[in-house]
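*Asks:* Okay, handing you the structure first.
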Amino acid sequence: MDPGDGDEALLARVAAGDPAAIRSLVARKLPRLLALAGRMLGESAEAEDVAQETFVRAWKQAGSWQPSGARFDTWLHRVALNLCYDRLRRRREVAMDHLPDRADDGPGPDRGLQARDVGRRVAAAMAALPDRQREAVSLCHYQEVSNIEAAALMGVSVEALESLLSRGRRALRAALADMVEP
Amino acid sequence: MTPERFETLAEAHGGDVARWPAAEREAAAALMIAQPVLAQGVLARAATLDLALDAWAPMAVTHDLRERVIAAAPGARRRSPLAAWFWGAGLSAGLAAACAAGLAVGVVLYDESQPDEAVSAALAGYDDFTAAVTGEGA
Numbered sequence: 001m002d003p004g005d006g007d008e009a010l011l012a013r014v015a016a017g018d019p020a021a022i023r024s025l026v027a028r029k030l031p032r033l034l035a036l037a038g039r040m041l042g043e044s045a046e047a048e049d050v051a052q053e054t055f056v057r058a059w060k061q062a063g064s065w066q067p068s069g070a071r072f073d074t075w076l077h078r079v080a081l082n083l084c085y086d087r088l089r090r091r092r093e094v095a096m097d098h099l100p101d102r103a104d105d106g107p108g109p110d111r112g113l114q115a116r117d118v119g120r121r122v123a124a125a126m127a128a129l130p131d132r133q134r135e136a137v138s139l140c141h142y143q144e145v146s147n148i149e150a151a152a153l154m155g156v157s158v159e160a161l162e163s164l165l166s167r168g169r170r171a172l173r174a175a176l177a178d179m180v181e182p
Numbered sequence: 001m002t003p004e005r006f007e008t009l010a011e012a013h014g015g016d017v018a019r020w021p022a023a024e025r026e027a028a029a030a031l032m033i034a035q036p037v038l039a040q041g042v043l044a045r046a047a048t049l050d051l052a053l054d055a056w057a058p059m060a061v062t063h064d065l066r067e068r069v070i071a072a073a074p075g076a077r078r079r080s081p082l083a084a085w086f087w088g089a090g091l092s093a094g095l096a097a098a099c100a101a102g103l104a105v106g107v108v109l110y111d112e113s114q115p116d117e118a119v120s121a122a123l124a125g126y127d128d129f130t131a132a133v134t135g136e137g138a
């Protein structure tokens, strides 16, 4: 089922203050938005802030939402991504003054390949990607957004999206070579 | 579709053809039939990266975050869980307990030796009231 199915009907009830509709919309969208923010920003309180702020804007929008415009799910993703980019910009400004030591994200001699370790390695590899490549991989691989919708969200052509995805996945493959190469 | 294009798509979109651009899936399927060994090798390589990426589980939604989001929603003010409990089961239980306590106190205070006096006093008051209204005894 498409994650956007039935959103408009739910929104109308949300605007009327229907508690069941509010809980239903939160159950449907919050995990997706938090996942996206977590992929973009790393697992952090900032990711939770982004998810919460996205909903604050969604609640304001609920009463005036026009079903003929963009899909609500797409709009939510756009808001969340903009909020993520605000925070990434702020991080870069801070990093100019305080460059942190790079975390060791490579395989250690005694490191086993348990799922949690792999997850950590992937998170580090994703964090090391340029923002736009990370955004493309987050949208297409993790959020399972179609290429046309992802390109529209990112304001690029589908060809440019494909290029971002290819470069992103190549970099990830290189960073995780010991796990993904035969 | 050329084998090169097939590889490019796998590199960009991963090893699951169902997640490739809709406009290219049919041609991809045709190539998979025409060149199964090549296609299988390309998809298997892409799938190893997909598998690794999927090991990074998404952040879990905490109860606290969910409640904060819901608390900001439009419409009726949200009650805190404690308030909701109080106005629901808590209040009902409280009222039931109060009724039970009142009954118990009533039973304890009830004195069988004095019932007539209490009733007489009440009726006397009623008689005085009736007389005042009707003018009797004036």
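Those protein sequence lines, which keep their order, are chains A and B.
Going left to right, the first sequence walks through residues 1 to 182 as this note's numbering numbers them.
Going left to right, the second sequence walks through residues 1 to 138 as this note's numbering numbers them.
Ideal Cβ positions, reconstructed from N, Cα and C, are used throughout, including at glycine.
(1) Nearest by alpha-carbon distance to LEU164 of chain A: which of B:LEU9, B:GLY75 and B:LEU65 is it?
(2) Kindly give me the distance between the Cβ atoms of VAL180 of chain A and THR2 of chain B, rounded to whole angstroms, as I take these residues to be in contact under 8 Å.
(3) Can you list, in chain order, the residues of its chain with a C-beta nearer than 8 Å to that of ALA76 of chain B? Leave out the 5 residues immediately preceding and following it.
(4) Going straight from the alpha carbon of ALA103 of chain A to that of LEU31 of chain B, what length do you get?
(5) Please report how far the alpha carbon of LEU161 of chain A lies from the alpha carbon of PRO21 of chain B, in whole angstroms.
(6) Under 8 Å Cβ to Cβ from LEU30 of chain A, same chain only, skipping five residues before and after it: list those, please.
(7) Any C-beta of chain A sitting closer than 8 Å to the C-beta of ALA52 of chain B?
(8) Assign CYS11 of chain A to one of three DSSP states: helix, strand, or coil.
(9) Residues of chain B with CB closer than 8 Å to the CB of TRP75 of chain A, please, in chain order.
(10) By alpha-carbon positions, which one of A:ALA45, A:ARG78 and A:GLU43 ends up nearest to ARG57 of chain A?
(11) Starting from the beta carbon of ARG87 of chain A, find every residue of chain B whose beta carbon is closer than 7 Å, and list them in chain order.
(12) Pick from A:ALA15, A:SER24, A:LEU33 and A:ARG39: whose alpha carbon is nearest that of ALA128 of chain A?
(13) Which runs of the alpha helix (DSSP H), 4 residues or longer, sit entirely within the segment 114-163 of chain A?
(14) For MET154 of chain A and VAL137 of chain A, which I take to be in contact (beta-carbon distance under 8 Å), what is that distance rounded to the nearest angstrom?
(15) Beta carbon of TRP75 of chain A, beta carbon of LEU11 of chain A: below 8 Å?
(16) Does DSSP classify ARG169 of chain A as helix, strand or coil?
(17) Taking 8 Å as the cut-off, decide whether the C-beta atoms of LEU36 of chain A and GLN143 of chain A are in contact.
(18) Just to confirm my understanding: we take ARG134 of chain A, look at its own chain, exclude 5 residues before and 5 after, and list those with CB closer than 6 Å. What are they?
(19) Is any beta-carbon of chain A found at less than 8 Å from that of ALA55 of chain B?
(20) Is DSSP giving VAL79 of chain A helix, strand or coil here?
(21) Just checking, does the segment 14-24 of chain A make contact with the segment 26-40 of chain B on the three C-beta pairs under 8 Å criterion?
(22) Rounded to a whole number of angstroms, what is the C-alpha to C-alpha distance between CYS140 of chain A and SER146 of chain A?
(23) List, in chain order, every chain A residue whose beta-carbon is nearer than 8 Å to that of LEU49 of chain B.
(24) Please confirm if CYS84 of chain A has its CB atom under 8 Å from at least one CB of chain B.
(25) Looking only at its own chain, which residues have a Cβ that is under 8 Å from the Cβ of VAL26 of chain A, when we skip the five neighbours before and after it?
(26) Which residues mark the beginning and the end of the alpha helix (DSSP H) in which ALA47 of chain B is found?
(27) Pick helix, strand or coil for LEU176 of chain A, following the three-state DSSP scheme.
(28) Quick check on the DSSP output: the alpha helix (DSSP H) that includes THR54 of chain A runs from which residue to which?
(29) Please report whether the beta-carbon of ASP104 of chain A lies at a distance below 8 Å from any beta-carbon of chain B.
(30) Could you tell me the alpha carbon to alpha carbon distance between PRO74 of chain B and GLY42 of chain A, rounded to whole angstroms?
(31) Keeping to the same chain, check which residues put their C-beta closer than 7 Å to that of PHE6 of chain B; ignore five residues upstream and five downstream.
(32) Relative to the C-alpha of ASP16 of chain B, which residue among B:TRP56, B:ALA46, B:ARG68 and B:ALA23 is closest?
(33) Taking the Cβ atom as the reference point for each residue, do GLU48 of chain A and LEU65 of chain B lie within a distance shorter than 8 Å?
(34) Starting from GLU4 of chain B, follow the alpha helix (DSSP H) in both directions and report where the run begins and ends.
*Replies:* Based on what the coordinates show:
(1) The residue you call residue 164 of chain A lines up with position 164 of the first sequence. Answer by Cα proximity: B:LEU9.
(2) Position 180 of the first sequence, counted from the first residue, corresponds to residue 180 of chain A. Position 2 of the second sequence, counted from the first residue, corresponds to residue 2 of chain B. With 8 Å as the limit, VAL180 of chain A and THR2 of chain B do not qualify as a contact, their Cβ atoms being about 25 Å apart.
(3) For this step, residue 76 of chain B is matched to residue 76 along the second sequence. Because ALA76 of chain B sits at a pLDDT of 48, beneath the cut-off of 50, its placement in the model cannot be relied upon, and the point is left open.
(4) Reading the first sequence from its first residue, position 103 is the one you call residue 103 of chain A. Reading the second sequence from its first residue, position 31 is the one you call residue 31 of chain B. Because the pLDDT of ALA103 of chain A is 47, which lies under 50, any placement of that residue in the model is unreliable, and the number read from its coordinates should be weighed accordingly. Near 43 Å, if we compare the C-alpha coordinates of LEU31 of chain B and ALA103 of chain A.
(5) Working through the first sequence from its first residue, we reach residue 161 of chain A at position 161. Working through the second sequence from its first residue, we reach residue 21 of chain B at position 21. Distance from the CA of LEU161 of chain A to the CA of PRO21 of chain B, rounded to the nearest whole angstrom, comes to 11 Å.
(6) Taking the first sequence and counting its residues from 1, one reaches residue 30 of chain A at position 30. Contacts found: ALA51 and PHE55.
(7) Walking along the second sequence from the start, residue 52 of chain B turns up at place 52. True, the Cβ-Cβ gap to chain A drops below 8 Å.
(8) Taking the first residue of the first sequence as position 1, residue 11 of chain A is located at position 11. Looking at the sequence provided, one finds Leu at residue 11 of chain A rather than Cys. Note: LEU11 of chain A maps to helix in three-state DSSP.
(9) The sequence position of residue 75 of chain A within the first sequence is 75, counting from 1. Under a criterion of Cβ atoms nearer than 8 Å, no residue of chain B is adjacent to TRP75 of chain A; the nearest Cβ is some 17 Å distant.
(10) Along the first sequence, read from residue 1 onward, the residue named residue 57 of chain A stands at position 57. Of A:ALA45, A:ARG78 and A:GLU43, the smallest CA-CA separation from ARG57 of chain A is found for A:ARG78.
(11) Start at 1 with the first residue of the first sequence, and residue 87 of chain A comes out as number 87. One finds nothing in chain B with a Cβ atom closer than 7 Å to the Cβ of ARG87 of chain A; even the nearest lies about 15 Å away.
(12) Here the question's residue 128 of chain A lines up with position 128 in the first sequence. Nearest Cα to ALA128 of chain A within the set A:ALA15, A:SER24, A:LEU33 and A:ARG39: A:ARG39.
(13) Fully enclosed alpha helix (DSSP H) runs of 4 or longer: 115-128, 131-137 and 147-154.
(14) Mapped onto the first sequence, residue 154 of chain A falls at position 154. Mapped onto the first sequence, residue 137 of chain A falls at position 137. Between MET154 of chain A and VAL137 of chain A a beta carbon distance of about 12 Å is seen, past the 8 Å cut, so the two are scored as non-contacting.
(15) Reading the first sequence from its first residue, position 75 is the one you call residue 75 of chain A. Reading the first sequence from its first residue, position 11 is the one you call residue 11 of chain A. Cβ distance not < 8 Å, so TRP75 of chain A and LEU11 of chain A don't count as in contact.
(16) What you label residue 169 of chain A is simply residue 169 of the first sequence in a count that begins at 1. Reduced to three states, the DSSP call for ARG169 of chain A is helix.
(17) On the first sequence, residue 36 of chain A is found 36 positions in, with the first residue counted as 1. On the first sequence, residue 143 of chain A is found 143 positions in, with the first residue counted as 1. In this structure, LEU36 of chain A places its C-beta atom within 8 Å of the C-beta atom of GLN143 of chain A.
(18) For this step, residue 134 of chain A is matched to residue 134 along the first sequence. Contacts found: MET126.
(19) Reading the second sequence from its first residue, position 55 is the one you call residue 55 of chain B. Yes, ALA55 of chain B lies at the interface with chain A (some Cβ there is under 8 Å from its Cβ).
(20) Taking the first sequence and counting its residues from 1, one reaches residue 79 of chain A at position 79. Looking at VAL79 of chain A - three-state DSSP - the assignment turns out to be helix.
(21) As far as the Cβ criterion goes, the segment 14-24 of chain A does not touch the segment 26-40 of chain B, which means the pair count is below three.
(22) By one-based count along the first sequence, residue 140 of chain A stands at place 140. By one-based count along the first sequence, residue 146 of chain A stands at place 146. Near 7 Å, if we compare the C-alpha coordinates of SER146 of chain A and CYS140 of chain A.
(23) Residue mapping note: residue 49 of chain B aligns to position 49 of the second sequence, counting from 1. Those within 8 Å of LEU49 of chain B in chain A are ARG169, LEU172, ARG173, LEU176 and VAL180.
(24) By one-based count along the first sequence, residue 84 of chain A stands at place 84. Output row for CYS84 of chain A: interface = no.
(25) Indexing the first sequence from 1 puts residue 26 of chain A at position 26. PHE55.
(26) Looking up residue 47 of chain B in the second sequence gives position 47. First-last of the alpha helix (DSSP H) with ALA47 of chain B: 36-54.
(27) Along the first sequence, one-based indexing puts residue 176 of chain A at 176. In the structure shown, LEU176 of chain A falls within a coil segment according to DSSP collapsed to helix, strand and coil.
(28) Working through the first sequence from its first residue, we reach residue 54 of chain A at position 54. Per DSSP, the continuous alpha helix (DSSP H) segment holding THR54 of chain A begins and ends at 45-62.
(29) Against the first sequence, residue 104 of chain A aligns to sequence position 104. The predicted position of ASP104 of chain A is uncertain, since its pLDDT is 49 and thus under 50; no value can be drawn from it.
(30) Position 74 of the second sequence, counted from the first residue, corresponds to residue 74 of chain B. Position 42 of the first sequence, counted from the first residue, corresponds to residue 42 of chain A. Those two C-alpha atoms are separated by around 30 Å.
(31) Mapped onto the second sequence, residue 6 of chain B falls at position 6. Once the five neighbours on either side are set aside, the close Cβ partners of PHE6 of chain B are ALA28, LEU31, ALA39 and VAL42.
(32) Taking the second sequence and counting its residues from 1, one reaches residue 16 of chain B at position 16. When only C-alpha atoms are compared, the closest one is B:ALA46.
(33) The residue you call residue 48 of chain A lines up with position 48 of the first sequence. The residue you call residue 65 of chain B lines up with position 65 of the second sequence. Between GLU48 of chain A and LEU65 of chain B, the C-beta spacing is below 8 Å.
(34) Position 4 of the second sequence, counting from 1, holds the residue named residue 4 of chain B. From DSSP, the alpha helix (DSSP H) with GLU4 of chain B extends over 3-13.
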